[in-house]
Amino acid sequence: MKFNVNTPEETMSYGKKIADYLKPKDVILLDGDLGAGKTTFTKGLAEGLGIKRNIKSPTFTIIREYQDGRLPLYHMDAYRLDDGSGDELGLEEYFNGDGINVIEWSNFIENELPSDYLKIIFKRDDSKGDNYRTIDFQPKGEHFNNIIKESYLEK
């Protein structure tokens, strides 16, 4: 399912709305160019989970943990990782833990991802405005297909 947005607030609203449908161990993959809206989406998701802290890109820390919401949020950036380095970071522990896993640049750890996830691709089109984005939700697995069916996304 693809949606077009024109403001960062619209991007955040998609994250906020989907937060209600998430459960522990869920994995959300965010892919797109630099500045495409991945962290902005995560800010909305965190707000939907009731997290009050300021959400920052995990580029230099690789993993940022936010524990103060309905569920913990593990915000990861795999840009500087190689396939296989997930063991060093304990990715499997996060994937089997009690929180929501949001991974930016997931293509760098494709071989370490669980079989079910929600992939979201962000594309900029500056010819239509500085904040114009296409957000493409690509569910993989029954749980995430159900989220798409049950949520506002198919309505």
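Each number in the numbering used here corresponds to the 1-based position in the sequence shown with 990 added. Glycine is no exception: its CB is placed at the ideal position from the N, C-alpha and C atoms. Every value quoted in this text rests on a predicted model; they were computed, and no experiment measured them.
Alpha carbon of residue 1014 to alpha carbon of residue 1120, nearest angstrom: Residue 1014 and residue 1120 have their C-alpha atoms roughly 35 Å apart.
From residue 1040 to residue 1116, what distance separates their C-alpha atoms? 32 Å
Inter-stretch contact (C-beta, 8 Å, three-pair minimum) for the region 995–1003 and the region 1082–1090: The region 995–1003 and the region 1082–1090 do not touch, with fewer than 3 CB-CB distances between them shorter than 8 Å.
As a quick exercise: from 1057, 1001, 1059, 1095, pick the residue whose alpha carbon is nearest that of residue 1066. The option with the nearest alpha carbon to residue 1066 is 1095.
Counting only the same chain and skipping the five closest in sequence on each side, list residues whose C-beta sits under 7 Å from that of residue 1058. The residues are 1041, 1042, 1043.
Where does residue 1097 land, buried or exposed, given buried means 16+ other C-beta within 10 angstroms? exposed
Ordered along the chain, which non-local residues of its own chain (more than five positions away) have a Cβ less than 6 Å from that of residue 1019? 1093, 1096, 1107, 1109
From what residue to what residue does the beta strand (DSSP E) around residue 1094 run? 1090–1094
Residue range of the unbroken beta strand (DSSP E) whose run includes residue 1064: 1063–1067
Looking only at C-alpha atoms, which of 1100, 1061, 1016, 999 sits nearest to residue 1132? Ranking 1100, 1061, 1016, 999 by Cα distance to residue 1132 puts 1016 first.
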